[in-house]
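So in the working numbering, spot 366 of the sequence shown is number 471, and the numbers just go up one at a time.
Glycine is no exception: its CB is placed at the ideal position from the N, C-alpha and C atoms.
Report on the following structure.
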Amino acid sequence: GTNNANFATPADGGSGRMQMYLWNGSPQKDGDVDNGIIVHEYGHGISNRLTGGGSGSCLGSAEQMGEGWSDFYGLMYTQDWANSVLTDGFNKPRGIGTYVFGQPNTGLGIRSQRYCTNFAVNNKVYAATIPAANLPHDRGEIWCATLWDMTWNIINQVGAINPNIFDANAVGGNSIALKLVTQGLKLQPCGPGFIDGRDGILAADQLLYNGQYRCAIMAAFARRGMGFGASQGSANSTTDQTPSFSIEEAILTLTQNVTQQTEGLNVTYTNRVAAGACASLNNYLLVDTLPANVTYVSGGTYNAATRVVSFNVSLAAGATQNYSFTVQINPNTYFPPATLINEQVTGTSIPAGFSATSNNAINWVVSNAQSHSAPSSLFAANQAVVSDMQLVTNTPVTLGLSGNFFSFWHLYNTEEGW
């Protein structure tokens, strides 16, 4: 056959086998002379051996990214790092397998798009449906495009390029990216999907660099649809993904100054907003809609027509800020009033349900001499001696848990000094 190449990876300890082919053209080109293809095929040995403990059988899931890792290694080991500058990721697209088509290394090669951080050149993204299991190269293009973006993000964060990628101890963002991807292979599970692969790289960053490059990593993955809220679904399906282009979500916590409050009194609510460590918040509108049983008092910007309290939030990455507002609980809204006693004193004798007692002959009586509401009131005459006159309900009144009131209209006319 022609126009092909492959690499068989048995379990750890067994010898791998690479097969190379001639490529059509006049004259035909030998794939053995194309370093991009050679490194790509060796890349299968790396990814198969390092994923899942060396069995060589952990990259069989429908969503596996083997072709993407191999393209990544092909790019990393054929890039002219000694003559590269910080802007080359954007300005100098790269192809894979360009020699066999008689192209320069900036040609299209054997992929549908060249690898480049410029979205106008390469716009591959993770989506709800990605290329199926029988299209591993198309699917791998998404993965490699993301890893290439990540590499240049880290290069620009570090501000340096290792001119000799084979010197693992030299300083450079390219060497760091290569270490992260390779270490990530060891940390991801057997049968990984795209998000497993992303999380393996994040774990590698935490393990090797204490999370120093997390933001650069997440920026690359979020740009290609594998952000904070992304889900791969089953690694054995290429049609159940949930993409996300968010680097990191802010955390919003709502608290109140009291857990219980009496009607008619105030409650202060506090929204605590924490921006993600890798993403600032700019002109974010925080809103709270007030229910009908409270009245706005203060805090934020209040729209009486919509009953909405709002705050405009702008926070630097990693910053935290509190946004508070106060409302009054409207009386009688949570607990409608219940009248337990309402004695109008409409008869001519002590009302039923009450007992009048006294320590002498004079006691409570019903009088129509004065009253707040017609016709009568309860009256106890002033005496020249110390007296104790009581008016008591015959049956105890069961009160509510809170908010109980006992009131009556009264008039005192006693001798001076008492």
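- Setting aside the 5 residues that flank it on each side, serine 472 is surrounded in the same chain by Ser481, Ser482, Leu483, Phe484, each with a C-beta closer than 8 Å to its C-beta; the list follows chain order.
- If one requires a minimum length of 3 residues, the beta strand (DSSP E) runs lying completely within the stretch 417-494 are 425-434, 459-463, 470-472, 482-484, in chain order.
- Take the alpha-carbon of asparagine 111 and the one of histidine 149: they are about 9 Å apart.
- According to DSSP, lysine 134 shares a beta bridge with Trp128.
- When DSSP states are grouped into helix, strand and coil, isoleucine 260 belongs to the helix group.
- Here the alpha carbon of isoleucine 356 sits roughly 59 Å from the alpha carbon of asparagine 499.
- The C-alpha of alanine 380 is placed about 6 Å away from the C-alpha of leucine 386.
- In the DSSP assignment, the residues bridged to threonine 400 are Gln433.
- A Cβ-Cβ separation of about 7 Å places glutamine 288 in contact with leucine 312 under the 8 Å criterion.
- Annotation: the stretch 176-214 contains the following complete segments of the alpha helix (DSSP H) (minimum length 4 residues), in chain order: 193-196.
- Contact annotation: cysteine 221 and proline 236 have beta-carbon atoms that are not nearer than 8 Å.
- The shortest C-alpha to C-alpha distance from serine 429 to any of Phe416, Phe271, Ala167, Ala421 is the one to Phe416.
- Within the model, the alpha-carbon separation for glycine 452 versus threonine 373 is close to 49 Å.
- DSSP, read as helix, strand or coil, puts tyrosine 389 in strand.
- Using a Cβ distance threshold of 8 Å, aspartate 254 and glycine 202 do not count as a contacting pair.
- Contact between the stretch 403-418 and the stretch 439-458 is absent: fewer than three C-beta pairs spanning the two stretches fall below 8 Å.
- Take asparagine 261, set aside five residues on each side of it, and the residues of its chain with a beta-carbon closer than 6 Å to its own are Leu191, in chain order.
- For alanine 110, the pairing in a beta bridge is given by DSSP as Met125.
- When Cβ pairs closer than 8 Å are counted between the two stretches, the stretch 219-234 is seen to touch the stretch 333-347, the count reaching three or more.
- In the three-state reduction of the DSSP assignment, glutamine 293 falls in the coil class.
- If you draw a straight line from the Cα of isoleucine 143 to the Cα of aspartate 137, it is about 7 Å long.
- For arginine 377, there is no enclosing alpha helix (DSSP H); the residue is found in the beta strand (DSSP E) stretching over 371-379.
- Taken through DSSP and simplified to helix, strand or coil, serine 152 comes out as helix.
- Glutamine 337 sits in coil when the DSSP states are folded into three classes, being neither helix nor strand.
- For leucine 357, there is no enclosing alpha helix (DSSP H); the residue is part of the beta strand (DSSP E) that begins and ends at 356-361.
- Within 10 angstroms of the beta-carbon of histidine 477 lie fewer than 16 other beta-carbons, which makes it exposed.
- Contact between glycine 277 and valine 263 holds: CB atoms are separated by about 7 Å, below the 8 Å threshold.
- C-alpha of alanine 116 to C-alpha of glycine 141: approximately 25 Å in a straight line.
- Residue burial annotation: aspartate 272 is exposed, with fewer than 16 other C-beta atoms found within 10 angstroms of its C-beta.
- Membership of tyrosine 318 in any beta strand (DSSP E) is not indicated, and neither H nor E is assigned to it by DSSP.
- Two segments are said to touch when three or more pairs of C-beta atoms, one from each, lie closer than 8 Å; by this definition the stretch 326-334 touches the stretch 299-315.
- Of the residues Gln361, Gln184, Gly332, Gly157, the one whose Cα lies closest to the Cα of cysteine 295 is Gly157.
- Leucine 391 has its alpha-carbon roughly 33 Å from the corresponding atom of aspartate 310.
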